[in-house]
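Visitor: Pasting a structure here, questions to come.
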Amino acid sequence: MSIRHGLLALLDQGPRYGYQLRVEFESRTGATWPLNVGQVYTTLGRLERDGLVAPHGEDEEGHLFYAVTEAGRAELRNWFETPVPRNSPPRDELAIKLAMAVTVPGVDVAAVVQSQRRHSMKALQDYTRLKGQALNGDEGRQEDLAWLLVLEQLIFQTEAEIRWLDHCETRLAQRRPGVQSAEPPQAAEAAPGRPKRRSRI
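Just so we're aligned, residue 881 is where the sequence shown starts under my numbering, counting upward by one.
Structure below.
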C-alpha cells in the first residue's frame, strides 16, 4: 500500500493537515487500511524532505497545512501512469505458512487449509454484505465509488484464495501415501526380463 502516493493524491486537491488526510484516506478506502496520525505525519515529513510537499501555513487552531509541489504533482502523475509491478510479488503469509507446513513434520496441513478456508469464506460473506450496502448508497458520491472498487478487489482476491485452497487440498490428497502419483517414479527398477537402462552420466 502506497501511503505516500495516497497522501499526494489528496493534497493535489488542496492543502490539508494531518488529521484531515487520515480521515479522507480512510473514507475513500473504506478504512480497509487504517492509518494513524503518526504514520501520516511521518510520511509528510519524508515527502517534505523529498521536495514533494511544502508547509502551507496554520489555521487558528494551530493545524499545520501541507500543499503539494510541482515535483509532487509530477510524482503523482507518474504513479497513476505506471503499472503496479508484479515481477516481485509481496510476501504472502498464507503461502509461506503452507509452504512451511508441508515441510515441517507433525503439522496437519489439511487442518491448516480447512481452517483458512472457513476464515476466508466468512471474510467473503462480510465483503459481499458490505458491497450490498455500498450499492445502496449515494451513487453520485465519488467516495462511495472508491469504496465499492476496493470492496470488489477484496471479493475477487478472496474468491481466488478460496479456489487456491481447494487446489491445495486436491494436491495434498494426491501426495498422500497410497495415492498413486501421476508422475513416474524417478528410480523405478526395470521390469522383469527387461535390461536396465544404462545411465549416460
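The C-beta atom is built at its ideal place from N, Cα and C for all residues, glycine as well.
Keep in mind that this is a model prediction, so the values were computed, not measured.
Return the bridge partner residues of F945 from the DSSP annotation.
Guide: F945 is bridged to Y897.
Visitor: Who are the Cβ neighbours of H936 in its own chain at under 7 Å, not counting the five residues just before and after it?
Guide: Taken in chain order, the residues that qualify are P895, F945, Y946, A947.
Visitor: Just mark G918 as buried or exposed, buried being the case when its beta carbon has 16 or more other beta carbons within 10 Å.
Guide: Classification of G918: exposed, given that the 10 Å Cβ count is below 16.
Visitor: Are the beta-carbon atoms belonging to G952 and L924 less than 8 Å from one another?
Guide: Cβ distance not < 8 Å, so G952 and L924 don't count as in contact.
Visitor: Below 8 Å, how does it come out for the stretch 905-918 and the stretch 1025-1035: are there three or more Cβ pairs, yes or no?
Guide: With a cut-off of 8 Å, the stretch 1025-1035 and the stretch 905-918 count as touching, because enough Cβ pairs lie within range.
Visitor: Are the beta-carbon atoms of L887 and V920 separated by less than 8 Å?
Guide: Result yes, Cβ atoms of L887 and V920 sit closer than 8 Å.
Visitor: Quick check: V989 and L1052, are their CB atoms within less than 8 Å of each other?
Guide: The answer is yes: Cβ separation under 8 Å.
Visitor: Please check if any C-beta of chain C sits within less than 8 Å of the C-beta of P965.
Guide: The structure shown contains no chain C, having only a single protein chain.
Visitor: Starting from the Cα of Y897, find the closest Cα among L1031, D939, V964 and give me that residue.
Guide: Nearest option by C-alpha distance: D939.
Visitor: Would you mind reading off the limits of the beta strand (DSSP E) that contains V873?
Guide: Not covered by the structure: residue 873. The range shown for the chain is 881 to 1081.
Visitor: Note the first and the last residue of the continuous alpha helix (DSSP H) segment covering W1044.
Guide: From DSSP, the alpha helix (DSSP H) with W1044 extends over 1022-1054.
Visitor: Compare the beta carbon distance of E1041 and S1000 with 8 Å and say whether it is the shorter of the two.
Guide: Yes, the Cβ-Cβ distance between E1041 and S1000 is below 8 Å.
Visitor: Closer than 7 Å by C-beta to A1003: which residues in its own chain qualify, once you throw out the five before and the five after it? Chain order, please.
Guide: Closer than 7 Å at the Cβ level, and outside the excluded window around A1003, lie T1038.
Visitor: Between which two residues does the alpha helix (DSSP H) carrying S1000 extend?
Guide: Here the alpha helix (DSSP H) through S1000 covers 989-1015.
Visitor: What would DSSP say about L915, mapped onto helix, strand or coil?
Guide: Three-state DSSP puts L915 in coil, outside helix and strand.
Visitor: At the level of alpha carbons, what is the spacing between L1031 and H943?
Guide: Between L1031 and H943, the C-alpha separation is close to 33 Å.
Visitor: Measure the C-alpha to C-alpha separation of I976 and R884 and round it to an integer number of angstroms.
Guide: Between I976 and R884, the C-alpha separation is close to 27 Å.
Visitor: On the DSSP letters alone, give me the boundaries of the alpha helix (DSSP H) that N967 sits inside.
Guide: First-last for N967: undefined, no H or E at that position.
Visitor: Can L932 and E955 be called in contact, C-beta distance under 8 Å?
Guide: Taking 8 Å as the Cβ cut-off, L932 and E955 qualify as a contacting pair.
Visitor: Can you find the residues in the same chain that come closer than 6 Å, C-beta to C-beta, to V903, ignoring five residues on each side of it along the sequence?
Guide: Closer than 6 Å at the Cβ level, and outside the excluded window around V903, lies no residue.
Visitor: Output the boundary residues of the alpha helix (DSSP H) element that contains G952.
Guide: Residues 950-961.
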